[in-house]
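>
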Amino acid sequence: YGNYLTNDGYKIRTFLKNEVPHGTDFCVRLDGDSMEPDYPNGSTVYVKAADAVDAGQIGIFMTDADGKAYCKKLIVDHHNRQTRLVSLNPEYEDIVITPDDDLRTVGRVLGVVREDKYK
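Anchor point for the sequence shown: position 40 equals 31 in our numbering, and the numbering is continuous, going up by one each time.
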């Protein structure tokens, strides 16, 4: 469903250095099951801030359509001249990015926080 990335609603957490992937800039908590099974509902992902990610990578993206942020896989289909944000859960339809859309990449997902280490 997407979430709003705002300056409020955040919290500071401490992680074990050897558990955090190199290059991590921040973390984002996911809401929804669209990226299951790899990224379960409520999980937290490590993110490297980036203006772009390579096709096939998982990233955090924002569109101008609703101002929400999405964790999705970026698919660039050159044959059909189409860019899509794809869920890993097949129950969700792709978000097709049109030339009129303003797609902004927030960062590349580096991995999921092993919550069992931090409870």
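A virtual CB, placed ideally from N, CA and C, is assigned to each residue, including glycine.
1. Examine the Cβ distances between the region 68 to 86 and the region 19 to 29 and report whether three or more of them are shorter than 8 Å.
2. Taking only the alpha-carbon atoms, compute the straight-line gap between residue 94 and residue 42 and give it to the nearest angstrom.
3. Evaluate the contact criterion for the region 55 to 68 versus the region 0 to 9: three or more CB pairs, one atom per stretch, below 8 Å.
4. Tell me the rounded alpha-carbon separation between residue 97 and residue 18.
5. Go through its chain and collect everything with a Cβ distance to residue 12's Cβ below 7 Å, but skip five positions before and after it.
6. Determine the DSSP secondary structure at residue 64, reduced to helix, strand or coil.
7. Is any beta-carbon of chain D found at less than 8 Å from that of residue 53?
8. Sort 70, 29, 55, 106 by Cα distance to residue 88 and report the nearest one.
9. Helix, strand or coil: which one does DSSP assign to residue 8?
10. With a 10 Å radius around its C-beta and 16 neighbouring C-beta atoms as the bar for buried, classify residue 46 as buried or exposed.
11. For residue 27, which residues in the same chain have their Cβ closer than 6 Å to its Cβ, ignoring the five residues on either side in sequence?
The answer reads as follows:
1. yes
2. 10 Å
3. no
4. 11 Å
5. 37, 101, 102
6. strand
7. No chain D appears in the structure shown, which is made up of a single protein chain.
8. 55
9. helix
10. exposed
11. 80
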